[in-house]
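As structure tokens, the structure follows; a few thoughts come after it.
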Amino acid sequence: MLKNYFNTAFRSLWRHKIFFFINTMGLAVGISAALVITMLVSYEFGFDRFQAHPERIFRVVTDIQMGSVQGHNATVPGALSQAAQELTGIDRIVPMLRMDMGTMSVQIDQANGAIKTLSADQVIFTDANYFQLIPYKWLFGGNISQVLKNPFQVVLSQRSAEKYFPRQPLSSVVGQHITYNGLMLTVSGVVADLTDPSDLEAKEFISLQTLNKLGAADQATLNSWDDWSLSLYLQLAPGTAPQQIEHLLNNIFTEHQSSNDPRKISLHLQPLHEVHFDSRYETPGIHIADKSSLYALLAIASFLLLLGSLNYINLTTAQASKRAKEVGIRKTNGSSRQQLIIQFLGETFIVTLLATIFSLLLCPFLLKLFSSFLPPGLTLDFLWKGQTIGYLSLLVISVTFFAGCYPAIVLSGFNPVHALKDQSRLLLGQSRQLVLRKGLTIAQFTIAQFFIILTLIISKQVYYVLHTNMGFQQEAIISFSIPNKSHRAALKQSIRALPGVAKVSTGFVAPAYIGAAFSDIIFNNGKEALKFTPQVRTGDEDYFDVYQLQLIAGRKASASDSVRELMINKAFMHELGYKNPTDVLGKLVHYGRDKSLVPIVGIMQDFHTQNLHAPISPLIFGVEPGQTFHVRLAEQTNAAEDWQQTISAIRKSFKKIYPEASFDYTFVNQQIAKFYEKERATTQLLNWATGLSIFISCLGLLGLVIFTTNSRTKELGIRKILGASISNLVLLLSKDFIRLIIIAFSIAAPIGWWAGHEWLKDFAYKTSINWWLFLIGIIGMVGVALAVLAIQTFKAARANPVDSLRDE
1156 MLKNYFNTAF RSLWRHKIFF FINTMGLAVG ISAALVITML VSYEFGFDRF
1206 QAHPERIFRV VTDIQMGSVQ GHNATVPGAL SQAAQELTGI DRIVPMLRMD
1256 MGTMSVQIDQ ANGAIKTLSA DQVIFTDANY FQLIPYKWLF GGNISQVLKN
1306 PFQVVLSQRS AEKYFPRQPL SSVVGQHITY NGLMLTVSGV VADLTDPSDL
1356 EAKEFISLQT LNKLGAADQA TLNSWDDWSL SLYLQLAPGT APQQIEHLLN
1406 NIFTEHQSSN DPRKISLHLQ PLHEVHFDSR YETPGIHIAD KSSLYALLAI
1456 ASFLLLLGSL NYINLTTAQA SKRAKEVGIR KTNGSSRQQL IIQFLGETFI
1506 VTLLATIFSL LLCPFLLKLF SSFLPPGLTL DFLWKGQTIG YLSLLVISVT
1556 FFAGCYPAIV LSGFNPVHAL KDQSRLLLGQ SRQLVLRKGL TIAQFTIAQF
1606 FIILTLIISK QVYYVLHTNM GFQQEAIISF SIPNKSHRAA LKQSIRALPG
1656 VAKVSTGFVA PAYIGAAFSD IIFNNGKEAL KFTPQVRTGD EDYFDVYQLQ
1706 LIAGRKASAS DSVRELMINK AFMHELGYKN PTDVLGKLVH YGRDKSLVPI
1756 VGIMQDFHTQ NLHAPISPLI FGVEPGQTFH VRLAEQTNAA EDWQQTISAI
1806 RKSFKKIYPE ASFDYTFVNQ QIAKFYEKER ATTQLLNWAT GLSIFISCLG
1856 LLGLVIFTTN SRTKELGIRK ILGASISNLV LLLSKDFIRL IIIAFSIAAP
1906 IGWWAGHEWL KDFAYKTSIN WWLFLIGIIG MVGVALAVLA IQTFKAARAN
1956 PVDSLRDE
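Residue numbers 1156 to 1963, in the numbering used here, belong to the letters of the sequence shown in order.
Here is the structure:
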């Protein structure tokens, strides 16, 4: 019986090849999008789900309130880690200090004394509790509970060990020496790489106690209440309320906070499952996912699946009258309605199954196509996990019932007498279904036009943020780091002498930076000493010229090896309580670790230090050379080719002084463009969603037009004999569909405006939503629809009326 159902279903589908193809393609596009999006969402929500008792693990984060300005930080004062040891109700305290090591020299202690220089990968300072919190598999070394208790020890992941010590057994790596920027460490263990996604994953683990054996600045990282560099994770004891520990931590911090600090600083325990999704506490180098974006992706997948299903329902019910005789004959021969429903659901199942198989074949191509904004850990292997196979099985069953139930009920419900004898009654039933088909068509084009409008709004905002004046020169500037300060002046002089170089400077990061760098400032306004935390930038005397920063009052700070004078921006001037720039010149502030008095000698024009999601921050600038070079290339006639020649010359100068170091440069404008990777990925995804929704909608439109023209063949013949022109007939067949598209636009426009307006709320600086965006949307949609309609309507209008009337 089952075999008969499938044979009958295959024959029926094959008789209607065009509609079979349209239905399969529509569902395949929807299922492909749903599959890739579900893989992505499952991967993102799978972060840090493998630890033992993850519900008891928390990260300590900092919230800062100063007036109307709010700040958030994923780090805490280093001294808090030691102070928290006194508290009860905590099973483990795990301090972590992430390091951006730049280049790293790896010394292999062998007979030949070979030395290699490689880039360090995800290095953290931590202690043995880290391996009790994160279930790394211990491969080689001592007792995992005792490792990293002594200074100058490092544990390597298997991948790092194989990179640094190739062609050596992992067991021999333990006891070897590695030098990190002049700091020699001993490998005390090797752990296996994590197989599950985690934000806590690192590749190289240095003993935290090493910092106490270094200089005062490094010791302050662990022991100071003013150095906010340490990440702190806690695993609470069973039954301990996080609010209780949070209260105790805030009490400890308040005891060490200055009483005249105008900031309201509070510590919070952030659950582990929120770390991956909370962009307020973003850490450079750590991938943060946006829950709202993931839910939006799921909505897109649902919409595309819905479009494919609506196509199937629309086209299948539109063909109902064509299959009436088939149903009548089957019922006359004894088929029950239940058997007919099973047969028609079987047809839907075959279409859905073929669409799913086609989607699986498309999946590797789609993953490669979208690789630019998919997380690197999401690979094709994820496709063959049990949960993905289960999802696909559920998807096939769900789509089969959703898309197939209504057509099956309609088709199986024909009265056999009417189906075989009185077609007029069937046409009356078809007219009742016409309202439904129009509603489904409106729904399809509402979704498509919603995507068009939202894509136009988001694309306009992305263009705006990428082309907004940041307040400094960002074009034709490259930056790179040197491994140490030795020979810094010689390298600068060598680069400055190159003909393709306009300006060169050394210092800290570029004016706009993907992370944030803050410094505590104490200012006495004559009544009280106030504490502020502005952003900080430093650079030598040429930094201003490289980036063409503007002074509005005062002068540049004098050149020095350390910061002895400060310049501040207008935003910080206002925060200090001054409106006139000249009034703040000469004022003294306490700056630096030793809180020495430093005068304010200049007021800078405001510039953006972060992306346009955030308002311009208060900022201080001190003249001090650093290990990051900033080189502005000279204007060239053939910029791309000439700049590469100049960069090659800079590389030669770099290698001449630092032969073992890696020369890794980036263009500053490319760094700034990375601020908006998420927005550009959203735009690209919406472009694809828009294209796919238009494709599916137009497939359905084409199917309906084919059915309509086939059903009105006699009418078209008569009209043509009576003198109707081809253009009249094309207009006659097209106007009803265009009317439906306009109705869909009237529904989609306000929804699209609302969605775009809500999305723009996340930006401090935003573009406007202009009326012409909606005009472009409706003109584009109508244009595409007319092109699809013209394919069939023009063909039908040109047909010889004699043929159609003779056939009738």
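Virtual Cβ for every residue (Gly too), placed ideally from N, Cα, C.
What separation, rounded to the nearest whole angstrom, lies between the Cα atoms of residue i and residue j?
| i | j | result |
| --- | --- | --- |
| residue 1444 | residue 1495 | 48 Å |
| residue 1464 | residue 1507 | 10 Å |
| residue 1703 | residue 1627 | 6 Å |
| residue 1823 | residue 1749 | 33 Å |
| residue 1757 | residue 1707 | 8 Å |
| residue 1834 | residue 1450 | 15 Å |
| residue 1120 | residue 1852 | Within the shown structure, residues of the chain are numbered from 1156 to 1963, placing residue 1120 beyond reach of any answer. |
| residue 1656 | residue 1840 | 39 Å |
| residue 1403 | residue 1290 | 28 Å |
| residue 1876 | residue 1890 | 21 Å |
| residue 1760 | residue 1725 | 6 Å |
| residue 1236 | residue 1916 | 37 Å |
| residue 1698 | residue 1733 | 26 Å |
| residue 1225 | residue 1925 | 31 Å |
| residue 1901 | residue 1593 | 15 Å |
| residue 1584 | residue 1600 | Here the model assigns residue 1584 a pLDDT of 48, short of 50, so the residue's position is not dependable, and the following value carries that caveat. Going from the Cα of residue 1584 to the Cα of residue 1600 covers about 25 Å. |
| residue 1294 | residue 1347 | 6 Å |
| residue 1798 | residue 1649 | 17 Å |
| residue 1630 | residue 1526 | 27 Å |
| residue 1259 | residue 1318 | Residue confidence is low: residue 1259 scores 49 on pLDDT, short of 50, so the model does not pin down where it sits. Its coordinate-derived value is still stated next. Each residue's alpha carbon lies about 13 Å from the other. |
| residue 1970 | residue 1933 | For the chain, the structure presents residues 1156 to 1963; residue 1970 sits outside this window and is missing. |
| residue 1963 | residue 1885 | Caution is warranted here: a pLDDT of 48 is assigned to residue 1963, below 50, making its placement in the model unreliable, and the coordinate value is therefore given only provisionally. Taking the straight line joining both Cα atoms gives about 22 Å. |
| residue 1421 | residue 1227 | 10 Å |
Pick out whichever of the options has its Cα sitting closest to the Cα of residue i.
| i | options | result |
| --- | --- | --- |
| residue 1418 | 1799, 1677, 1889 | 1677 |
| residue 1286 | 1357, 1633, 1603, 1787 | 1357 |
| residue 1784 | 1281, 1646, 1858 | 1646 |
| residue 1621 | 1334, 1826, 1410 | 1826 |
| residue 1175 | 1468, 1838, 1341 | 1468 |
| residue 1195 | 1217, 1315, 1455, 1397 | 1455 |
| residue 1710 | 1244, 1564, 1740 | 1740 |
| residue 1344 | 1212, 1354, 1362, 1351 | 1362 |
| residue 1503 | 1327, 1531, 1557, 1380 | 1557 |
| residue 1787 | 1802, 1280, 1777 | 1802 |
| residue 1207 | 1227, 1200, 1247 | 1247 |
| residue 1625 | 1665, 1642, 1636, 1643 | 1665 |
Mapping the DSSP letters down to three states, classify residue i as helix, strand or coil.
| i | result |
| --- | --- |
| residue 1282 | coil |
| residue 1901 | helix |
| residue 1384 | coil |
| residue 1614 | helix |
| residue 1174 | helix |
| residue 1787 | strand |
| residue 1436 | helix |
| residue 1214 | strand |
| residue 1450 | helix |
| residue 1657 | strand |
| residue 1316 | helix |
| residue 1686 | strand |
| residue 1297 | coil |
| residue 1444 | coil |
| residue 1419 | strand |
Go to residue i, then tell me how far its alpha helix (DSSP H) extends in each direction, as first and last residue.
| i | result |
| --- | --- |
| residue 1411 | 1397-1411 |
| residue 1715 | Where residue 1715 is concerned, there is no enclosing alpha helix (DSSP H), given that its DSSP letter is neither H nor E. |
| residue 1514 | 1492-1524 |
| residue 1873 | 1868-1876 |
| residue 1236 | 1234-1238 |
| residue 1824 | 1823-1828 |
Starting from residue i, follow the beta strand (DSSP E) in both directions and report where the run begins and ends.
| i | result |
| --- | --- |
| residue 1346 | 1338-1346 |
| residue 1246 | 1245-1254 |
| residue 1964 | Residue 1964 cannot be examined here, being either before or after the span of the chain that is shown, 1156 to 1963. |
| residue 1634 | 1632-1636 |
| residue 1362 | 1359-1362 |
| residue 1209 | Looking at the DSSP string, residue 1209 is not in any beta strand (DSSP E), and its letter there is neither H nor E. |
| residue 1310 | 1308-1312 |
| residue 1722 | 1721-1724 |
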